[in-house]
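If you read the sequence shown in our numbering, its first letter stands for residue 120, the second for the next number, and so on.
Backbone N, C-alpha and C fix where the C-beta goes; we use that ideal spot for every residue, glycine too.
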Amino acid sequence: MTARAGHAVEHRLSAFGTTVFAEMSELAARTRSVNLGQGFPDTDGPAEIVEAAVRALCDGRGNQYPPGAGVPELREAVAEHQRRWYGLTYDPDTEVLVTAGATEAIAATLLALVRPGDEVIALEPYYDSYAACIELAGGTRVPVTLRPHGGEFRLDLDELRDAVTERTRLLLINTPHNPTGTVLTRAELATIAELAVERDLLVVMDEVYEHLVFGGVHVPAATLSGMRERTVSIGSAGKTFSFTGWKVGWVTARPELVAAVRSAKQYLTYVSSGPFQYAVAEALRLPDDYFTSFREDLRGKRNLLVSGLESVGFEVYAPAGTYFATVDIRPLGESDGVAFCRSLPHRAGVVAIPNQVFYDVPERGAPFVRFAFCKQISVLEEAIARLGGAKFLA
Ligand code: PMP
Ligand code: GLN
120 MTARAGHAVE
130 HRLSAFGTTV
140 FAEMSELAAR
150 TRSVNLGQGF
160 PDTDGPAEIV
170 EAAVRALCDG
180 RGNQYPPGAG
190 VPELREAVAE
200 HQRRWYGLTY
210 DPDTEVLVTA
220 GATEAIAATL
230 LALVRPGDEV
240 IALEPYYDSY
250 AACIELAGGT
260 RVPVTLRPHG
270 GEFRLDLDEL
280 RDAVTERTRL
290 LLINTPHNPT
300 GTVLTRAELA
310 TIAELAVERD
320 LLVVMDEVYE
330 HLVFGGVHVP
340 AATLSGMRER
350 TVSIGSAGKT
360 FSFTGWKVGW
370 VTARPELVAA
380 VRSAKQYLTY
390 VSSGPFQYAV
400 AEALRLPDDY
410 FTSFREDLRG
420 KRNLLVSGLE
430 SVGFEVYAPA
440 GTYFATVDIR
450 PLGESDGVAF
460 CRSLPHRAGV
470 VAIPNQVFYD
480 VPERGAPFVR
490 FAFCKQISVL
500 EEAIARLGGA
510 KFLA
């Protein structure tokens with residue numbers, strides 16, 4: 120290693136490079152491609168919530184450091200949200216923590232709860248920050264792979280059970296799942312819960328897509344028997360309200376777990392997003408109509424993208440949740456998703472994400488590619504038209 124300018128510096132996350140989302144958004148901008156890569160909506164959330172943020176800014180609410188746990192208005196709104204949608208009761212003072220998006224919630228939770236040498240079981244393909252945070256915490260990641268089965272990616276519960284050892288500290292579960300769009304069923308979650316109770320494991324639930332479910336229902340693991348006391352649940356305003364740039368997320372758990380997560384969080388950002396916290400408190404209290412019409416709007420976009428990708432010739436795994444659709448590129452004669460995604464902007468003027476980067480064993484994810492559909496209809500139509508006119512190997 121050398122510290123001289125221009126020389127590479129070895130560091131703890133050298134193996135991770137730049138996130139695939141940043142790389143692909145940059146590629147989209149450079150090639151003027153339609154960006155169906157990084158998952159962010161291309162229309163903002165409700166105007167009245169933007170106005171609430173402006174009001175908070177102008178009224179001087181949140182312009183200075185908010186309280187470490189988050190402003191009381193937002194903590195109360197999060198607790199209310201968990202009760203309203205799931206019948207879960209959390210004390211806003213001791214059982215809710217506001218974070219800089221779900222990303223910080225994940226980082227702080229893993230840094231606080233994973234000890235060097237602990238094993239963390241996560242569903243592969245994993246959201247990219249999981250692997251990096253497990254690494255930072257000194258833990259070992261143990262993948263349990265979702266495999267294609269009957270048109271969707273499913274979890275093998277026996278494989279999950281077999282993955283648990285004496286060193287397993289926690290299960291890191293994401294449902295609805297990015298990038299596959301899988302929504303775990305109540306029965307699957309009940310088996311996970313039984314396993315967690317039997318082996319006395321902590322469970323971290325990444326539920327950022329909780330309101331984006333088109334097939335089945337989202338079952339928060341904390342509602343299942345024996346789970347409330349061992350579960351850290353994570354949510355985000357980015358996904359639910361289309362304000363990914365505001366970076367407002369939250370954790371709900373029993374007081375001892377929240378205190379542990381807060382102890383790590385206070386040395387990461389300490390606090391963030393002051394005025395936006397007030398606005399998100401209002402967003403969480405929007406009537407049911409907002410949540411239903413947001414979901415139905417996305418369902419239409421999902422259907423449009425899924426049928427468009429099918430018409431191009433991909434094998435498409437229609438997602439039950441999230442705003443991503445995964446395809447298999449092999450029917451088009453292609454097999455390497457990374458090469459495919461790097462060349463797609465030049466071949467078709469479209470950007471997508473290679474799922475391979477979410478796998479420990481790259482070959483397992485090689486033929487899969489993810490397209491985001493949280494975009495305007497005209498944008499999706501343009502992408503489909505471009506893909507339809509492109510030349511593929513088959
Ligand atoms: N978890 C998952 C599964 C995600 O897809 C994302 C972002 N798309 C996050 C966490 C991070 O959320 P945030 O933007 O609130 O940090
Ligand atoms: N979660 C978003 C996605 O999966 C991206 C977030 C990010 O860029 N870190 O596309």
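Simplified DSSP state of THR359, which is helix, strand or coil:
Under the three-state reduction of DSSP output, THR359 falls in the helix class.
In DSSP terms, what PHE490 is bridged to
PHE490 pairs with ALA444.
How many whole angstroms separate the CB atoms of ARG489 and ILE472, which I take to be in contact at a CB cut-off of 8 Å?
Sure, about 4 Å apart at Cβ, within 8 Å.
If you drop the 5 nearest sequence neighbours on each side, which residues of the same chain put their C-beta closer than 8 Å to that of GLU429?
Excluding residues within five positions, the ones whose Cβ falls inside 8 Å are VAL435.
Just to check, is the beta-carbon of SER361 closer than 7 Å to a non-hydrogen atom of the ligand PMP?
SER361: no, Cβ never under 7 Å from the ligand PMP.
Consult DSSP for VAL153 and reduce its assignment to one of helix, strand or coil.
Three-state DSSP puts VAL153 in a strand.
Let me confirm a value: PRO374 is counted as buried when at least 16 other C-beta atoms fall within 10 Å, else exposed. Which label applies?
Its Cβ having fewer than 16 others within 10 Å, PRO374 is exposed.
Leaving out five residues on either side along the sequence, give the residues of the same chain with a beta carbon under 8 Å from the beta carbon of ASN182.
By the criterion of a C-beta distance shorter than 8 Å, ASN182 is surrounded in its chain by LEU176, GLY393, PRO394, once the five residues flanking it on both sides are discounted.
Taking GLY335 as the reference, which of VAL377, PRO295, LEU290 has the closest Cα?
Taking only the C-alpha atoms, the option nearest GLY335 is PRO295.
Mapping DSSP to helix, strand and coil, what is ALA219?
The answer is strand: DSSP assigns ALA219 an E or B state.
The alpha helix (DSSP H) with TYR526 in it runs from where to where?
Residue 526 cannot be examined here, being either before or after the span of the chain that is shown, 120 to 513.
Under the three-state DSSP convention, the category PHE272 falls into
DSSP places PHE272 in strand when its eight states are reduced to three.
Answer with buried or exposed for TYR478, where buried requires no fewer than 16 other C-beta atoms within 10 angstroms of its C-beta.
Buried is the label assigned to TYR478, since at least 16 other Cβ atoms lie within 10 Å of its Cβ.
Local conformation of ARG483 per DSSP, three classes:
The answer is helix: DSSP assigns ARG483 an H, G or I state.
Grab me the residues of ALA241's own chain with a C-beta within less than 7 Å of its C-beta, minus the 5 sequence neighbours each way, in chain order.
Once the five neighbours on either side are set aside, the close Cβ partners of ALA241 are TYR249, ARG260, PRO262, LEU291.
How would you call TYR328, buried or exposed, if buried means at least 16 neighbouring beta carbons within 10 angstroms?
Looking at its Cβ environment, which holds 16 or more other Cβ atoms inside 10 Å, TYR328 is buried.
With H, G and I counted as helix, E and B as strand and the rest as coil, what does DSSP make of SER412?
Under the three-state reduction of DSSP, SER412 is assigned to helix.
Within the same chain, show all residues whose beta-carbon is closer than 6 Å to that of ALA188, passing over the 5 residues directly before and after it, in chain order.
Excluding sequence neighbours, ALA188 sits near LEU216.
Cβ of ALA221 within 8 Å of Cβ of SER426?
No, these two residues do not count as a Cβ contact at 8 Å.
Determine the closest residue to GLY380 out of ASP277, ALA219, LEU463, with distance taken between C-alpha atoms.
Note that residue 380 corresponds to Val in the displayed sequence, not to Gly. Here the closest residue by C-alpha is ALA219.
Under the criterion of a Cβ to heavy atom distance below 7 Å, does TYR478 qualify as lining the ligand PMP?
Checking the Cβ of TYR478 against the ligand PMP gives no.
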